[in-house]
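Undergrad: The structure is given below, and queries will be raised subsequently.
Residue numbers (the working numbering), protein chains in the order written: chain A, 17 to 424; chain B, 17 to 424.
Okay, structure coming up:
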């Protein structure tokens with residue numbers, strides 16, 4: 017088995033952390049000067065590692081191995097959420113790079129190739145997984161024409177031109193080249209830490225189903241309109257959301273999650289009965305049957321509300337994400353590698369968050385591996401993982417890739 | 017008893033409706049060119065009616081009677097909400113003007129004086145009842161310095177200067193001059209229409225108690241944070257509001273109203289568990305004991321929520337409005353006048369909405385009279401009252417003022 021070099025892994029992660037440093041985290045949104053600098057930094061590291069490195073027309077950074085035979089594709093993303101953590105994305109890219117280097121360094125694995133990739137904009141500053149979706153051929157030029165940064169509205173074309181990537185071809189994956197895809201990531205939850213475990217072996221990336229709920233009533237004066245004559249859209253929505261809060265635990269799976277992320281009343285004045293009220297509602301689960309059961313429960317509750325209430329409630333589905341199942345052999349390879357390096361300290365678990373792997377799995381068998389997040393913190397500058405856990409994860413990750421490639 | 021002239025009342029109201037006409041309503045916000053024109057139009061009508069008319073330094077329009085003895089103060093406001101109704105405010109001003117004219121026209125009431133007033137900005141474009149509060153001496157120069165239009169942010173000083181009112185003295189009421197205050201208004205609700213009644217005799221203007229409710233939890237990732245480990249501020253707030261919805265009917269009075277006018281989650285993203293959630297909550301009642309009971313119930317529910325929940329909820333009271341009780345003799349005069357003109361068609365009722373009378377009653381005995389609103393619509397351009405009801409109301413109003421002044 018290859019041996020990773022702890023100082024090389026940590027050294028790269030610390031160097032990357034300096035580019036756009038914000039408190040103990042990083043502010044490196046897609047195509048910011050810091051993000052562009054970090055992509056060039058990555059090209060230089062890839063080149064040092066003997067990979068043929070390039071940045072394509074959407075900002076994907078790919079380092080291609082010159083090794084013979086089928087390669088493993090591995091990576092994650094390098095940009096961050098605004099004012100967010102130093103490891104979210106970066107960890108998976110550096111693990112992939114270290115796996116490539118460790119396999120090359122060991123005579124026993126020298127002929128096993130790892131292509132390293134940093135998919136652009138996994139964090140969704142300009143869209144939804146544009147880099148990985150481009151790499152599997154699911155992004156059109158028109159998609160890019162229409163994309164704008166969600167924070168400051170800059171058109172993606174302008175940002176690409178400023179970054180120096182405009183006019184470059186976009187790379188598309190050749191599935192025949194690859195044995196599969198491996199991605200590592202911080203857990204973004206506290207299951208590993210709480211269970212004193214070191215490695216999460218992802219079984220599936222959950223499906224995410226998003227809904228817009230709208231209640232329509234009658235806007236009116238909050239002083240002169242008696243309770244019995246009101247058609248209060250805000251109250252109708254609150255009652256539906258209360259019913260969901262009661263009902264969902266009865267129909268959910270053990271790891272289902274559901275969230276009301278936004279709510280707004282119109283006109284939103286203290287002395288006006290809301291005539292319209294809106295909420296964003298989502299749920300996630302790794303099991304398609306559970307997702308269907310949750311949706312059926314939602315529609316039933318809305319139907320009940322419309323039958324008994326004085327307002328009209330409509331529900332619009334805006335996303336029906338399919339759960340992405342990870343390859344069983346790859347999961348076993350991760351479990352086996354953990355057994356060698358940290359016996360008994362891996363656990364199989366779904367990923368509640370989305371990752372580029374959920375798109376790559378459409379073309380290749382894929383695996384995801386998690387390392388612990390201190391306090392389960394994510395998408396915040398205080399996100400962190402201990403050096404010890406980072407080093408252990410890098411070793412397990414490289415081992416698993418080597419064993420899969422060796423098995424052919 | 018004096019006889020009002022239907023054509024004069026309706027003619028004035030229709031003329032006023034032309035100034036800032038919007039669909040079938042009016043857009044005449046405070047100190048807009050249309051509002052300033054309407055104030056000058058009113059000065060001209062007052063002058064024609066033999067009143068000494070002037071506009072003061074805050075935009076109050078006062079027409080003073082030259083009759084001997086104690087006068088009745090009567091009026092309402094002349095500006096409108098944005099894109100709102102043609103009678104809200106205007107009706108009370110024209111009723112007062114018509115009462116002054118009708119009493120002057122009749123030899124039996126010629127010596128009974130009515131001072132007509134249009135209080136500035138009852139609709140709160142720049143603040144809260146600035147005109148009537150100025151008239152009773154409760155607005156400082158600093159209050160005006162700090163006031164800005166809520167729609168476009170223009171400083172009140174600038175608006176006053178543009179209107180030509182800057183530098184004028186502000187008029188302050190001399191209570192000794194007056195026997196009391198009478199204000200007429202559209203009902204802004206549907207009680208009269210539903211009950212086929214013509215005149216609402218207001219017993220009290222309700223007290224309005226306003227609260228800001230804030231729930232604080234822990235912002236987190238909506239995919240990776242399991243339900244049992246969440247501290248979801250949005251959900252905590254929704255559960256409290258649900259508990260209020262259950263509890264308030266048990267402790268409310270028969271005409272209590274309570275309203276959640278605004279709600280917001282932070283950061284308000286579909287995939288982020290809200291770390292903070294806020295709501296604006298208010299209730300109104302004419303009975304101080306009921307108001308206290310409702311507040312006690314609110315605080316008890318918050319205490320229960322904080323004892324059992326994982327978030328922290330705080331409540332801040334931002335208004336404890338005292339119910340404004342109307343004068344019993346004046347109420348009787350309105351009932352008696354209705355008995356003569358439309359027997360059996362008056363009803364005593366609280367006013368759920370605020371009016372200038374709630375401030376004037378601090379210095380003078382006061383009365384408020386309502387006429388029906390078609391469909392109960394208010395603060396919308398489609399607000400309306402039939403000509404027949406307008407004319408009947410004007411007559412009852414003038415009769416009641418005459419009888420109170422005659423009784424000395």
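All C-beta atoms, glycine included, are put in the ideal place defined by N, C-alpha and C.
Everything numeric in this text was worked out from a predicted model, so none of it was measured.
Is the region 368-381 of chain B in contact with the region 304-313 of chain B, if contact means three or more CB pairs nearer than 8 Å?
TA: The answer is no - the region 304-313 of chain B does not touch the region 368-381 of chain B, with fewer than three Cβ pairs under 8 Å.
Undergrad: Going along the region 197-228 of chain A in order, which residues come within less than 8 Å of chain B, judged by CB to CB distance?
TA: Cβ contacts with chain B come from 203, 204, 205, 206, 207, 222, 224 and 226.
Undergrad: What did DSSP end up calling residue 74(B) once you bin it into helix, strand or coil?
TA: Three-state result, residue 74(B): coil.
Undergrad: Within 9 Å (strictly less), CB to CB, does residue 266(B) reach chain A?
TA: Residue 266(B) does not count as touching chain A.
Undergrad: Nearest-angstrom Cα distance between residue 279(A) and residue 295(A)?
TA: Using only the alpha carbons, I get a separation of about 4 Å.
Undergrad: Would you say residue 384(A) faces chain B, with C-beta separation under 9 Å as the test?
TA: Judged by the 9 Å Cβ criterion, residue 384(A) is not in contact with chain B.
Undergrad: Using only the alpha-carbon positions, how far apart do residue 128(B) and residue 68(B) sit?
TA: Spanning the two alpha carbons is a distance of roughly 15 Å.
Undergrad: Following the continuous beta strand (DSSP E) through residue 160(A), name the residue where it begins and the one where it ends.
TA: Here residue 160(A) belongs to no beta strand (DSSP E); instead the alpha helix (DSSP H) covers 157-162.
Undergrad: With 9 Å as the limit, tell me which residues of the region 388-418 of chain A have their beta carbon closer than that to any beta carbon of chain B; keep them in chain order.
TA: Those residues of the region 388-418 of chain A that come within reach of chain B (Cβ to Cβ, closer than 9 Å) are 389, 392, 393, 394, 395 and 396.
Undergrad: Just mark residue 108(A) as buried or exposed, buried being the case when its beta carbon has 16 or more other beta carbons within 10 Å.
TA: Buried.
Undergrad: Is there a Cβ from chain A that is less than 9 Å from the Cβ of residue 367(B)?
TA: For residue 367(B), the answer is yes, since a Cβ of chain A falls inside 9 Å of its Cβ.
Undergrad: Would residue 119(B) pass as an interface residue toward chain A - the criterion being a Cβ-Cβ separation below 9 Å?
TA: Not closer than 9 Å to any Cβ of chain A, the Cβ of residue 119(B) fails to qualify, so no.
Undergrad: Taking the alpha carbon of residue 226(A) as the point to measure from, which residue in 122(A), 273(A), 91(A) and 397(A) has its own alpha carbon closest?
TA: The shortest C-alpha separation from residue 226(A) is found at 273(A).
Undergrad: Since residue 225(B) sits in a beta bridge, which residues does DSSP pair it with?
TA: Answer is 299(B) and 336(B), bridged to residue 225(B).
Undergrad: Taking the alpha-carbon positions, what's the residue 399(A) to residue 136(B) distance?
TA: Computed Cα separation, rounded: 55 Å.
Undergrad: Looking at the strands, I want to know which residues DSSP matches up with residue 318(B).
TA: Answer by DSSP bridge pairing: none, since residue 318(B) is not bridged.
Undergrad: Could you pull out every residue in the same chain whose Cβ sits closer than 8 Å to the Cβ of residue 241(B), ignoring the five residues on either side in sequence?
TA: These residues qualify, in order along the chain: 289.
Undergrad: Can a CB atom of chain A be found closer than 9 Å to the CB of residue 281(B)?
TA: Chain A contact via Cβ: present.
Undergrad: Are the C-beta of residue 138(B) and some C-beta of chain A separated by less than 9 Å?
TA: With 9 Å as the cut-off, residue 138(B) does not count as an interface residue toward chain A.
Undergrad: For the 8 Å Cβ check, are there 3 or more pairs between the region 389-399 of chain B and the region 51-68 of chain B?
TA: Flag = no, the region 389-399 of chain B and the region 51-68 of chain B do not touch.
Undergrad: Step through the CB atoms of chain B and report whether any lies within less than 9 Å of the CB of residue 303(A).
TA: For residue 303(A), the answer is no, since every Cβ of chain B falls outside 9 Å of its Cβ.
Undergrad: Find the residues of chain B that neighbour residue 296(A), judging by a C-beta separation of less than 7 Å, and give them in chain order.
TA: What residue 296(A) touches in chain B: 286.
Undergrad: Note down the Cα distance separating residue 335(B) from residue 346(B), rounded to an integer number of angstroms.
TA: Looking at the two C-alpha atoms, the distance is approximately 28 Å.
Undergrad: Grab the span of the alpha helix (DSSP H) containing residue 358(A) for me, first residue to last.
TA: No alpha helix (DSSP H) contains residue 358(A), which DSSP labels as neither H nor E.
Undergrad: Report all residues from its chain with a CB closer than 7 Å to the CB of residue 426(B); omit the five preceding and five following residues, and keep chain order.
TA: Nothing can be reported for residue 426(B): it is not among the residues displayed for chain B, which extend from 17 to 424.
Undergrad: First and last residue of the beta strand (DSSP E) that includes residue 40(B)?
TA: Note, residue 40(B): premise wrong, no beta strand (DSSP E); not H, not E.
Undergrad: Report the partner residues of residue 132(A) according to the DSSP bridge assignment.
TA: DSSP lists 79(A) and 90(A) as partners of residue 132(A).
Undergrad: Answer yes or no: do residue 133(A) and residue 78(A) have a C-beta to C-beta separation smaller than 9 Å?
TA: In this structure, residue 78(A) lies closer than 9 Å to residue 133(A) by Cβ.
Undergrad: Quick one: residues in its chain with C-beta nearer than 6 Å to the C-beta of residue 395(A), no 5 flanking neighbours on either side, listed in chain order?
TA: Hits under 6 Å: 97 and 100.
Undergrad: Quick check on residue 405(B): buried or exposed, where buried means 16 or more other Cβ atoms within 10 Å of its Cβ?
TA: By the 10 Å Cβ count, residue 405(B) comes out buried.
Undergrad: Cutting at 6 Å between CB atoms, please list the residues of its own chain near residue 139(A), excluding the five before and the five after it.
TA: Answer for residue 139(A): 95 and 97, listed in chain order.
Undergrad: Starting from residue 172(B), trace the alpha helix (DSSP H) in both directions and tell me its first and last residue.
TA: From DSSP, the alpha helix (DSSP H) with residue 172(B) extends over 172-179.
Undergrad: My output table needs one value for residue 270(B): the three-state DSSP class, helix, strand or coil.
TA: In this structure, residue 270(B) counts as coil in the three-state DSSP scheme.
Undergrad: Can you give me the C-alpha to C-alpha distance between residue 46(B) and residue 256(B), rounded to a whole angstrom?
TA: About 38 Å.
Undergrad: Is the Cβ of residue 34(A) closer than 9 Å to any Cβ of chain B?
TA: No, its Cβ sits nowhere closer than 9 Å to a Cβ of chain B.
Undergrad: May I ask you to verify whether the region 259-271 of chain A touches the region 308-321 of chain A, counting CB pairs closer than 8 Å and requiring at least 3?
TA: Touching, yes, given that three or more Cβ pairs across the two stretches are closer than 8 Å.
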